[in-house]
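For the protein sequence lines, the chains are E and W, in the order given.
Note that our numbering gives residue 84 to position 84 of the first sequence, counting from 1, and the numbers run on in steps of one.
Note that our numbering gives residue 1126 to position 126 of the second sequence, counting from 1, and the numbers run on in steps of one.
Glycine included, each C-beta is placed from N, C-alpha and C at the ideal position.
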Amino acid sequence: MPLAARMPHAFWRMIERYIIGAAAEDPGDETPAASRERLKESFPRGATRRMTQLGLLIGSVLKEMSPGEADSIVYATRFAENQALEEYLASFPTPSPTLFQTSIHPSAVQQVLIARQQPVRELFPLTGNLQLGAHALQTALLTPSPRVILCGGEERGTWLREHGSASEDTFTFALALAASPDGAIGRVAWTPGTAVPDGAGLTLRELFDHVRDRRNLGRALAIGGALEVTWR
Amino acid sequence: MTLRLTASGCRTALGDADQTCAELLAGRVALQALPVGGSLGGDRVPLALIGGRELDESAPPAWLPVLDGMVTEIPPDRWGDERHPVYVTSSNFGVGSLHAFQRTQDSAHLAYGTPYLAAEQLRRRFEWGPNVTLLSHACVSAQLGLLAASRRLEAGLADRALIFTYDFISPFVTGGFHALKILNGGFPSPYADRPIGAIGLGDGCGFAVLANGESGPTLLGQSLYNEMHHFTANRPDGAGFEGCLAPLFAAAAGRKLWIKGHGTGTIEAGRLEAETLGRFFPGAPLVAWKGSLGHTLGSCGVVELAVAAAALRGGRIPGTVGSTGPTFTAAVAQASFDNRGFDAVLLASNAFGGAHAACLLAYD
């Protein structure tokens, strides 16, 4: 039997990283065109023409982090590219190749980094719902790179939203996480453990709210263990 | 710590893992020329559908029984609890259902139309607990599941991990690849040096169980790299392929290796992949199976892993079925070969955005 299986759950060790950067975009009802105009200076000239609103807003929060090749990126989004998806579906019976490639799940991060011609070793695009925020934090905490950038968000859909198949709101955020506490503005910790029967989830929107407002978070999870986000 | 592949399985248009391996050894091509738009017609393109399934998405999806059959092969465990995490990976989840909804306005399609809804349907169907992580990175999705699961096991936070992957094609995805002109009338001939490339698409689902210290092939290393050069093209200098392979070079030292490449049938990516693999691992035979099975998209990493595991059990490795004529390198094995004399296999996958993933398995 593996050692881990024999260990009482009390021996589960806490895993932590320090927050060395945080950014959030909460544009409310801003239209994609308005986001494009507001953020165009953040991208190479001409790059924003085909970018989605989610791509633009992910680019905005990643700008402060300046991802490098050695960084790992964990990207979380429940619905991903709502508008490209809607437009791609509408393009049938002559489907658009550009909208097809833009509609894929990790597209927002790829739009940004392709525009900047910035490779990264690891990109973990997650999706989900009630536990998406928790799984994204766990994935980031288990990533061994010296610096991990956790980012995520949604863009408000149109006709798919009316059927519950697209996001109701638009937001993005990013956290830069490091192993060292030097210069930290906060801390993320996961204490693995037994699932709490009445434990909670952590949605992406909830995680975003805590990042935007720099609010502390402590939560026992239905998937086991507890997560903490604390700000200095 | 020794991470091992303790169980694996799959379903392709050729059957389960053992059947798929046997059919590949016999040189059978599962791809058939079918209308790209399903019942709406259109150009005929190479598609490999499981069990005579229609390309059109139905409600509930016609592919659910395929998953039901595969799930019977998964070793029972407390899947989805805190020590037995499940990683569900897919490129499309159930997005084809959104296309069906748009076409028919039947709201029953919406139950599978978003990733989390589709995955929640599966979680309940298979009675998994809540600890189910969803990953979607186009055609490297399954390899990401393997790496995420490995990290949880290495940290001592899991006893076993299940990676569950699926991608069933639909007019949504065939329409997209057809629009990109790589799903055309031609059949794929992976790594063949010819003027025009072509891919085929296929249904696929698979699972892998990873555990620490049990029996099975050993996971020696895993690697990712994301070029971020272009959505649908690789860097012409092959740096992306090198970036993924370099961390595995040391782990492969001293091993007698064969390689299961990505090998979709495109020209430039195929050339870069074959040439880079040849530089890193000279003499290692290179095979790809998408010329028969079609590209099973986000599931391909684990589907082809399961087929490779079946080949190891049977002692013979299927060649690059569907590949004819001169190849980019001499290492491309168009015919099957005996497994004796080899003790490791490298499995590689690529995806949109210049995403690369690979894992290295050793066996005795």
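**Asked** Given that a residue counts as buried once 16 or more other Cβ atoms are within 10 Å of its Cβ, and exposed if not, what is E:D198?
**Response** For the purposes of this step, residue 198 of chain E is identified with residue 198 of the first sequence, where counting begins at 1. Result: exposed.
**Message:** I'd like to know whether the C-beta of W:H1262 is nearer than 8 Å to at least one C-beta of chain E.
**Reply:** Here the question's residue 1262 of chain W lines up with position 262 in the second sequence. W:H1262 does not count as touching chain E.
**Request:** Measure the alpha-carbon distance for W:T1320 versus W:T1020 and round it to whole angstroms.
**Result:** Here residue 1320 of chain W refers to the residue found at position 320 when the second sequence is read from its first residue. Here residue 1020 of chain W refers to the residue found at position 20 when the second sequence is read from its first residue. Rounded to the nearest angstrom, the two C-alpha atoms are 13 Å apart.
**Item:** Cutoff 7 Å; reference E:E168; Cβ partners in own chain excluding five residues on either side
**Value:** Position 168 of the first sequence holds residue 168 of chain E. Here the set comprises R156, R161.
**Prompt:** Would a C-beta distance cut-off of 8 Å place E:E16 and E:V188 closer than the cut-off?
**Reply:** The residue you call residue 16 of chain E lines up with position 16 of the first sequence. The residue you call residue 188 of chain E lines up with position 188 of the first sequence. A contact, by the Cβ cut-off of 8 Å.
**Item:** Pairwise C-alpha distance: E:S60 and E:T158
**Value:** Numbered from its first residue, the first sequence carries residue 158 of chain E at position 158. Numbered from its first residue, the first sequence carries residue 60 of chain E at position 60. About 23 Å.
**Message:** Nearest by alpha-carbon distance to W:R1194: which of W:A1252, W:G1270, W:G1213, W:G1353 is it?
**Reply:** For the purposes of this step, residue 1194 of chain W is identified with residue 194 of the second sequence, where counting begins at 1. The shortest Cα separation from W:R1194 among W:A1252, W:G1270, W:G1213, W:G1353 belongs to W:G1270.
**Request:** Give, in chain order, every unbroken run of the beta strand (DSSP E) that is at least 3 residues long and sits entirely within the segment 185 to 211 of chain E.
**Result:** 186 to 191
**Message:** Run through chain W and tell me which residues come within less than 7 Å of E:S96, C-beta to C-beta.
**Reply:** The residue labelled residue 96 of chain E in the question sits at position 96 within the first sequence. At a C-beta separation below 7 Å, E:S96 has these neighbours in chain W: A1179.
**Item:** Whole beta strand (DSSP E) elements within the segment 1128 to 1185 of chain W, 3-residue minimum
**Value:** 1132 to 1135, 1160 to 1167
**Backbone CA spacing between E:R205 and E:G152 [nearest angstrom]** = Within the first sequence, residue 205 of chain E is the residue found at index 205, counting from 1. Within the first sequence, residue 152 of chain E is the residue found at index 152, counting from 1. Approximately 9 Å between the Cα atoms of the pair.
**Message:** Whole angstroms are fine: how far does the CA of W:G1206 sit from the CA of W:R1011?
**Reply:** As a first step, residue 1011 of chain W is located in the second sequence; it is residue number 11 there, counting from the start. As a first step, residue 1206 of chain W is located in the second sequence; it is residue number 206 there, counting from the start. Rounded to the nearest angstrom, the two C-alpha atoms are 6 Å apart.
**Request:** Determine contact between the segment 1098 to 1114 of chain W and the segment 1052 to 1066 of chain W, defined as no fewer than three beta-carbon pairs at a distance below 8 Å.
**Result:** yes
**Prompt:** What is the residue span of the beta strand (DSSP E) that E:V74 lies within?
**Reply:** Numbered from 1 along the first sequence, position 74 holds the residue referred to as residue 74 of chain E. For E:V74, the uninterrupted beta strand (DSSP E) run begins and ends at 72 to 76, by DSSP.
**Item:** Start and end residues, alpha helix (DSSP H) containing W:P1115
**Value:** In the second sequence, the residue the question calls residue 1115 of chain W occupies position 115. Element bounds for W:P1115: 1115 to 1125.
**Request:** Give the secondary structure of W:R1053 by DSSP, where H, G and I count as helix, E and B as strand, and everything else as coil.
**Result:** The residue labelled residue 1053 of chain W in the question sits at position 53 within the second sequence. Here W:R1053 sits in coil by DSSP.
**Asked** Is the distance from the Cβ of W:H1356 to the Cβ of W:G1216 below 8 Å?
**Response** Position 356 of the second sequence, counted from the first residue, corresponds to residue 1356 of chain W. Position 216 of the second sequence, counted from the first residue, corresponds to residue 1216 of chain W. Their beta carbons are not under 8 Å apart, which means W:H1356 does not touch W:G1216 by this criterion.
**Prompt:** Closer than 9 Å, Cβ to any Cβ of chain E: which residues of the segment 1114 to 1136 of chain W, in chain order?
**Reply:** T1114, P1115, Y1116, L1117, A1119, E1120, G1129, P1130, N1131, V1132, T1133, L1134, L1135, S1136
**Request:** Flag W:Q1102 as yes if its beta-carbon sits less than 8 Å from any beta-carbon of chain E, otherwise no.
**Result:** Locating residue 1102 of chain W in the second sequence gives position 102, counting from the first residue. Yes, contact with chain E.
**Request:** Name, please, each residue of chain E whose Cβ falls closer than 7 Å to the Cβ of W:T1232.
**Result:** Position 232 of the second sequence, counted from the start, is the residue given in the question as residue 1232 of chain W. Around W:T1232, the beta-carbon contacts reaching into chain E at under 7 Å are Q101.
**Asked** Relative to the C-alpha of W:W1063, which residue among W:H1262, W:I1169, W:A1306, W:L1147 is closest?
**Response** Numbered from its first residue, the second sequence carries residue 1063 of chain W at position 63. Of the candidates W:H1262, W:I1169, W:A1306, W:L1147, the one whose C-alpha sits nearest the C-alpha of W:W1063 is W:I1169.
**Request:** Assuming W:P1046 and W:G1096 form a contact by the criterion Cβ under 8 Å, report the distance between their Cβ atoms to the nearest whole angstrom.
**Result:** On the second sequence, position 46 is the one that residue 1046 of chain W refers to. On the second sequence, position 96 is the one that residue 1096 of chain W refers to. About 18 Å separates the two Cβ atoms, so there is no contact after all.
**Item:** From W:L1360, W:A1308, W:L1272, residue whose alpha carbon lies closest to that of W:T1329
**Value:** Translated into the one-based positions of the second sequence, residue 1329 of chain W becomes position 329. If we check each option's Cα against that of W:T1329, W:L1272 comes out closest.
**Prompt:** Which residues share a DSSP beta bridge with W:R1004?
**Reply:** Sequence index remark: in the second sequence, residue 1004 of chain W carries index 4 (1-based). Note: W:R1004 sits in a beta bridge opposite W:A1211, W:T1218.
**Message:** Quick check: is the beta carbon of E:F124 nearer than 8 Å to any beta carbon in chain W?
**Reply:** Here residue 124 of chain E is taken as the residue at index 124 of the first sequence, counted from 1. Yes, because at least one Cβ of chain W sits closer than 8 Å to the Cβ of E:F124.
**Message:** If contacts are defined as beta-carbon pairs under 8 Å, then W:Y1087 and W:I1163 qualify, I think. What distance do you get, rounded to the angstrom?
**Reply:** In the second sequence, the residue the question calls residue 1087 of chain W occupies position 87. In the second sequence, the residue the question calls residue 1163 of chain W occupies position 163. About 5 Å separates the Cβ atoms of W:Y1087 and W:I1163, confirming a contact at the 8 Å cut-off.
**Prompt:** Would E:R241 be called buried (16 or more neighbouring beta carbons within 10 Å of its own) or exposed?
**Reply:** Nothing can be reported for residue 241 of chain E, as the shown portion of chain E is limited to 1 through 232.
**Message:** Using CA atoms only, rank isn't needed, just tell me which of W:G1186, W:G1041, W:T1218, W:Q1102 is closest to W:G1265.
**Reply:** Start at 1 with the first residue of the second sequence, and residue 1265 of chain W comes out as number 265. Closest by alpha carbon: W:G1186.
**Prompt:** From W:D1237 to E:A134, what distance separates their C-alpha atoms?
**Reply:** Along the second sequence, read from residue 1 onward, the residue named residue 1237 of chain W stands at position 237. Along the first sequence, read from residue 1 onward, the residue named residue 134 of chain E stands at position 134. Roughly 39 Å between the two C-alpha positions.
**Request:** Go ahead and pull the three-state DSSP assignment for W:H1356.
**Result:** The count along the second sequence starts at 1 and reaches residue 1356 of chain W at position 356. Strand at W:H1356.
**Item:** Contacts that W:L1098 makes with chain E (C-beta to C-beta distance below 8 Å)
**Value:** Translated into positions along the second sequence, residue 1098 of chain W becomes position 98. Those within 8 Å of W:L1098 in chain E are L85, L89, L160, S165.
**Asked** How long is the line joining the alpha carbons of W:G1113 and W:G1094, rounded to whole angstroms?
**Response** In the second sequence, residue 1113 of chain W corresponds to position 113, counting from 1. In the second sequence, residue 1094 of chain W corresponds to position 94, counting from 1. Straight-line measurement puts the Cα of W:G1094 at about 5 Å from the Cα of W:G1113.
**Item:** Residue-chain proximity (E:T48, chain W), Cβ-Cβ < 8 Å
**Value:** Walking along the first sequence from the start, residue 48 of chain E turns up at place 48. False, the Cβ-Cβ gap to chain W never drops below 8 Å.
**Request:** Output, in chain order, the set of chain E residues within a Cβ distance shorter than 9 Å of W:R1151.
**Result:** Position 151 of the second sequence, counted from the start, is the residue given in the question as residue 1151 of chain W. T139, L142, T143, P144, listed in chain order.
**Prompt:** Which bits of chain E does W:F1352 rub up against, with CB to CB less than 9 Å?
**Reply:** Working through the second sequence from its first residue, we reach residue 1352 of chain W at position 352. Under the 9 Å cutoff, chain E gives Q101, I104, P106, S107, Q110.
**Message:** Please report the straight-line C-alpha distance between W:V1029 and W:G1051, rounded to a whole angstrom.
**Reply:** On the second sequence, position 29 is the one that residue 1029 of chain W refers to. On the second sequence, position 51 is the one that residue 1051 of chain W refers to. Between the alpha carbons of W:V1029 and W:G1051 lies a gap of roughly 15 Å.
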